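Novice: Chains as they are written, first to last, in my numbering: chain H, 1 to 666; chain R, 667 to 993.
First the structure, which I've put down as structure tokens, then a few questions once you've had a look.
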């Protein structure tokens, strides 16, 4: 086959996106005179059907065997034009793109200079196009199963959708029960549905679904492999309770010597539990767990004359000898739905959260107003004889959100509305109470939100615009010092209870998951999606998707929507059963490789390994690339001292001429 | 202190071992202050071995320089060890080669020679020019004892000490299978005074400085060939496709050659100073290497060639690595 390069160059106007700053006709004319260029054209929208037809016709009529498209970033349309080439019978990797939009017209105003730059970029692409080689994609099978990390509403919803579609789901939850943050909430805005009432049926469904393997009190320890074929190690932490025997009767918890002495995580610390506990009454599975950090038997080796829980358990389910168990599963896709942590209010010392008992967080307030909470839903402060019903209640919004001083520049998106909801609940339960909300702005952007905000105000909740500067104690009262910025008057407001509307933060173990799955973080420290608009559930790692607040603060409807999106993205892979493996991957020149293993260490995907080969009777070590694992990031070839590992389509000898042209060397 | 009897006995024992192919040490050279590498295969060759302030060369180069000859069919490759005499700095080259899998631990038998600092041969030649017959030099307290043909002379240590030894922190081998005598106390503080001097120049001054130096380079590649860390089967700087460096000897190509070499040694150079010693044009190559060594040490708290179990610098990324120099 005569493979002398015959290059077609196509300069796109992109409407006026490019044409405004670049003289596209001049660029095309310039390109037509470059070596090996057979045709050069310009057209309004190369990515449009007629634009693509132009390329296909030229491939047929002019016998083109390389195509250079000078248009936008290859991230936008490389796939489009690869398909165009393939449709015309040309290997799709005979395409080279020159980015004259993002790299040129959008960032320059001087038309003359921008045109010169565009010419140089096109020349450089032509220089590389001459050296392109055909590449072929491989396909691998997709294991028909999904791993979901996190058993909150996002994980539950994604699990149910995938399981209903007929695929296996491994739902891994760190705590003893699924349910997540949503299970801690009392009512949900703006409709005031009972959170538990709408969530618990789904919790029960995940536990009973034949396609879902629910692993609570478990953590993902290790993930290796690649899209379609992830090998996962899950650590099932020892509960010290045999879940097959435990009937969930709860007598053990009543008998525990520490019963009522350990702050309950579920009740945000305001309720108490024992060392053996069920996080909350509707927990799924309804199996008890012993807290190994608190249990006297497990920490000190003895518990009075003998553990009372063990004596009380009629089913004989308690087993202090239980060990962590490592379960290995194989999945094709992974969904990360690890949720959020609430902002630590102690980081805003001016609000006195650490100092005053009656300054509480909104999550604590949720538990206080919840019928399943420690007070049975009665808003009562203090204990025993000191107990009282607050009359003056204040909410402070944006605690730890929109606040550069604590490193959280973002809006947490839920606080305005949950504040309105909690204010409503206070008004409902304590009609006599005076409720006010200190706010910066009220962001009531969702469906039914503005109406709800309006309703709460009509119920008598007073909104004061101003962020308090300080909270201190005067007698029995808390004094809020603030400025009413609408009236420009300073305020000293005496109240009984202050509720801090704490924002949402990335989970503290975000880093661990990042290391497990090679994910990225955005500036707000939440997980970074592949594209903020067009791939909001994807990650840079193929086959790994995001759902819920792990990706950024969200309310429940958005979380559920994203979970469904993640599930459907996972299902695309699962149901097609095959996935294409990139062709622009690395390969090793084994005759020059000296087996130093730098590439092995550098590779973020563990795609390179050292193997022994026989070199003239001597056994030597050389690097070898696992093509299915390689993502074509090129880190290995950048790190290789002898230039022995190269990435296809980005080989040194392809890139150097490209750089030489850019630098003005012909 | 230096115990030549012990050295010879250990050497005899070592080459007599079944699993040792040969021993590489030092012997007196033909002229004046020069020494030669001594390849010893038989116990009787041990008498020629020396260890003195003249033993400047880093013999670790020979570990990777040795060609792996083709093995005729039906024969087994010779996997016996190479025994190697090392000073402190040389031993770091061995460790770095181990880190980079250039050699295997059981392919080398390391004979450690704690060292009190070697001579700067140029300074010696200057002080005692034109000495033809071989000269024996010994360490004394804070001085070198030089047995010239016309009598013994004593010279203060500082006067003749090699540049690399002035600030040495690793005079004792960091790896060894046998240590020949007692370790000495390290005297260096690891300051980079020479580098700081260059850093203090403004960029134009510095550029002029290096352009003058690089202009005089004759591209003999002695620096590369003497370097114990330069041992690729096929050096990228030799390659024709792609040709990173053209062969023409001019400032531009010479600059690329030296900068590429310096960057390839970042986090790998163990500062034995061989490149600078062997340069016939007197280029201050160690200033380049030490600049990068300084950056690596200050920015990443990393020093090469100390722990054979450690990861190579290029792949020892930590999330909390300083990145303030990245825009």
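Glycine included, C-beta positions come from ideal geometry on N, C-alpha and C.
It should be emphasised that the depicted structure is a prediction, and the values quoted were computed from it without experimental measurement.
Exposed or buried, residue 717 of chain R, counting other C-beta atoms within 10 Å across all chains shown (16 or more means buried)?
Specialist: In the second chain, the residue the question calls residue 717 of chain R occupies position 51. Buried, by the Cβ-count rule.
Novice: Measure from the C-beta of residue 898 of chain R to each C-beta in chain H and report whether the shortest distance is under 8 Å.
Specialist: Taking the second chain and counting its residues from 1, the one referred to as residue 898 of chain R is at position 232. It does; some Cβ of chain H falls within 8 Å.
Novice: Under a Cβ-count criterion, where at least 16 other Cβ atoms within 10 Å of its own Cβ denotes burial, should residue 598 of chain H be classed as buried or exposed?
Specialist: On the first chain, position 598 is the one that residue 598 of chain H refers to. Result: buried.
Novice: Are three or more beta carbon pairs between the region 430 to 447 of chain H and the region 388 to 399 of chain H nearer than 8 Å?
Specialist: Yes, since at least three Cβ pairs between the region 430 to 447 of chain H and the region 388 to 399 of chain H fall closer than 8 Å, the two stretches touch.
Novice: What separation, rounded to the nearest whole angstrom, lies between the Cα atoms of residue 703 of chain R and residue 724 of chain R?
Specialist: Here residue 703 of chain R corresponds to residue number 37 of the second chain, with the count starting at 1. Here residue 724 of chain R corresponds to residue number 58 of the second chain, with the count starting at 1. Their backbone Cα atoms lie some 9 Å apart in a straight line.
Novice: For residue 890 of chain R, which residues in chain H fall below 7 Å Cβ to Cβ?
Specialist: Along the second chain, one-based indexing puts residue 890 of chain R at 224. Simply none; closest approach about 12 Å.
Novice: Alpha carbon to alpha carbon, what distance is there between residue 42 of chain H and residue 117 of chain H?
Specialist: Here residue 117 of chain H refers to the residue found at position 117 when the first chain is read from its first residue. Here residue 42 of chain H refers to the residue found at position 42 when the first chain is read from its first residue. Answer to the nearest angstrom: the Cα atoms are 17 Å apart.
Novice: Just to make sure I have the definition right: I need the residues of chain R whose C-beta is within less than 7 Å of the C-beta of residue 653 of chain H. Which are they?
Specialist: By one-based count along the first chain, residue 653 of chain H stands at place 653. Going along chain R in sequence order, the residues near residue 653 of chain H (Cβ under 7 Å) are 907, 908.
Novice: I'd like to know if residue 996 of chain R contacts chain H, where contact means its C-beta is closer than 8 Å to some C-beta of that chain.
Specialist: Within the shown structure, residues of chain R are numbered from 667 to 993, placing residue 996 of chain R beyond reach of any answer.
Novice: Answer yes or no: do residue 935 of chain R and residue 970 of chain R have a C-beta to C-beta separation smaller than 8 Å?
Specialist: Within the second chain, numbered from 1, the residue matching residue 935 of chain R stands at position 269. Within the second chain, numbered from 1, the residue matching residue 970 of chain R stands at position 304. The answer is yes: Cβ separation under 8 Å.
Novice: Could you check what DSSP says for residue 649 of chain H in three-state terms: helix, strand or coil?
Specialist: Reading the first chain from its first residue, position 649 is the one you call residue 649 of chain H. Here residue 649 of chain H sits in coil by DSSP.
Novice: Does the structure place the region 853 to 864 of chain R close enough to the region 918 to 929 of chain R that three or more beta carbon pairs sit under 8 Å?
Specialist: Touching, no, given that fewer than three Cβ pairs across the two stretches are closer than 8 Å.
Novice: Residues in its own chain within less than 6 Å of residue 276 of chain H by CB, not counting five upstream and five downstream?
Specialist: Taking the first residue of the first chain as position 1, residue 276 of chain H is located at position 276. Only 252, 253, 256, 288, 290, 309 meet the Cβ criterion.
Novice: Curious, which full-length beta strand (DSSP E) runs of at least 3 residues does the region 210 to 297 of chain H contain?
Specialist: Correct list: 212 to 215, 218 to 226, 229 to 236.
Novice: In three-state DSSP terms, what is residue 621 of chain H?
Specialist: Counting from 1 along the first chain, the entry for residue 621 of chain H is found at position 621. If DSSP states are grouped into helix, strand and coil, residue 621 of chain H belongs with the strands.
Novice: So, are the CB atoms of residue 681 of chain R and residue 670 of chain R less than 8 Å apart?
Specialist: Residue mapping note: residue 681 of chain R aligns to position 15 of the second chain, counting from 1. Residue mapping note: residue 670 of chain R aligns to position 4 of the second chain, counting from 1. Not in contact: residue 681 of chain R and residue 670 of chain R (Cβ atoms no closer than 8 Å).
Novice: Over what stretch of residues does the beta strand (DSSP E) that includes residue 813 of chain R continue unbroken?
Specialist: Your numbering for residue 813 of chain R matches position 147 in the second chain. Residue 813 of chain R -> beta strand (DSSP E) spans 809 to 814.
Novice: Tell me, which residues are paired with residue 805 of chain R by DSSP?
Specialist: For the purposes of this step, residue 805 of chain R is taken as residue 139 along the second chain, with counting starting at 1. Note: residue 805 of chain R sits in a beta bridge opposite R:810.
Novice: Taking residue 829 of chain R as the reference, which of R:838, R:841, R:858 has the closest Cα?
Specialist: Within the second chain, the letter at position 163 stands for residue 829 of chain R. Checking every option, the nearest Cα to that of residue 829 of chain R belongs to R:858.
Novice: If we count the other Cβ atoms within 10 Å of its Cβ and call it buried at 16 or more, is residue 696 of chain R buried or exposed?
Specialist: In the second chain, the residue the question calls residue 696 of chain R occupies position 30. Residue 696 of chain R should be labelled exposed.
Novice: How far does the beta strand (DSSP E) with residue 587 of chain H in it reach, from first residue to last?
Specialist: As a first step, residue 587 of chain H must be located in the first chain, where it is residue number 587. Note, residue 587 of chain H: beta strand (DSSP E), 586 to 588.
Novice: Looking at chain R, which residues of the region 582 to 593 of chain H have a Cβ within less than 8 Å of any of its Cβ atoms?
Specialist: Flagged, chain order: 591, 592, 593.
Novice: For residue 621 of chain H, decide whether its Cβ has a neighbour in chain R, counting only Cβ atoms nearer than 8 Å.
Specialist: What you label residue 621 of chain H is simply residue 621 of the first chain in a count that begins at 1. At least one chain R Cβ lies under 8 Å of residue 621 of chain H.
Novice: What's the call for residue 852 of chain R, buried or exposed, on a 16-neighbour Cβ count within 10 Å?
Specialist: Position 186 of the second chain, counting from 1, holds the residue named residue 852 of chain R. Residue 852 of chain R should be labelled exposed.
Novice: In whole angstroms, what separates the C-alpha of residue 406 of chain H from that of residue 547 of chain H?
Specialist: For the purposes of this step, residue 406 of chain H is taken as residue 406 along the first chain, with counting starting at 1. For the purposes of this step, residue 547 of chain H is taken as residue 547 along the first chain, with counting starting at 1. Between residue 406 of chain H and residue 547 of chain H, the C-alpha separation is close to 25 Å.
Novice: Under 8 Å, do residue 279 of chain H and residue 265 of chain H count as touching if we go by C-beta distance?
Specialist: If you number the first chain from 1, residue 279 of chain H lands on position 279. If you number the first chain from 1, residue 265 of chain H lands on position 265. In contact: residue 279 of chain H and residue 265 of chain H (Cβ atoms closer than 8 Å).
Novice: Taking Cβ to Cβ, would you say residue 621 of chain H is nearer than 8 Å to residue 637 of chain H?
Specialist: Indexing the first chain from 1 puts residue 621 of chain H at position 621. Indexing the first chain from 1 puts residue 637 of chain H at position 637. Their beta carbons are not under 8 Å apart, which means residue 621 of chain H does not touch residue 637 of chain H by this criterion.
Novice: Hey, is residue 633 of chain H close to the ligand COA, as in C-beta under 7 Å from one of its heavy atoms?
Specialist: The ligand COA is absent from the structure shown, which contains no ligands of any kind.
Novice: Are the region 331 to 349 of chain H and the region 548 to 562 of chain H in contact at 8 Å, needing three or more beta carbon pairs?
Specialist: Taking 8 Å as the limit for Cβ pairs, the verdict is that the region 548 to 562 of chain H does touch the region 331 to 349 of chain H.
Novice: What do you get for residue 324 of chain H, buried or exposed, if any count of 16 or more other CB atoms within 10 angstroms of its CB means buried?
Specialist: As a working note, residue 324 of chain H is residue 324 in the first chain. When all chains shown are included, residue 324 of chain H counts as exposed.
Novice: If you draw a straight line from the C-alpha of residue 640 of chain R to the C-alpha of residue 684 of chain R, how long is it?
Specialist: Because chain R spans 667 through 993 in this model, residue 640 of chain R falls outside it and cannot be assessed.
Novice: Kindly indicate the opening and closing residues of the beta strand (DSSP E) around residue 508 of chain H.
Specialist: Position 508 of the first chain, counting from 1, holds the residue named residue 508 of chain H. No beta strand (DSSP E) contains residue 508 of chain H, which DSSP labels as neither H nor E.
Novice: Just by C-beta distance, which residues in the region 602 to 622 of chain H are closer than 8 Å to chain R?
Specialist: Residues 602, 610, 615, 616, 617, 618, 619, 620, 621.
Novice: When you compare the CB positions of residue 442 of chain H and residue 463 of chain H, do they come within less than 8 Å of one another, or not?
Specialist: Position 442 of the first chain, counted from the first residue, corresponds to residue 442 of chain H. Position 463 of the first chain, counted from the first residue, corresponds to residue 463 of chain H. Result yes, Cβ atoms of residue 442 of chain H and residue 463 of chain H sit closer than 8 Å.
Novice: Mapping the DSSP letters down to three states, classify residue 655 of chain H as helix, strand or coil.
Specialist: Position 655 of the first chain, counted from the first residue, corresponds to residue 655 of chain H. Reduced to three states, the DSSP call for residue 655 of chain H is helix.
Novice: Closer than 8 Å by C-beta to residue 31 of chain H: which residues in its own chain qualify, once you throw out the five before and the five after it? Chain order, please.
Specialist: In the first chain, counting from the first residue as 1, residue 31 of chain H sits at position 31. Answer for residue 31 of chain H: 9, 11, 37, 40, 68, 70, 119, 122, 123, 126, listed in chain order.
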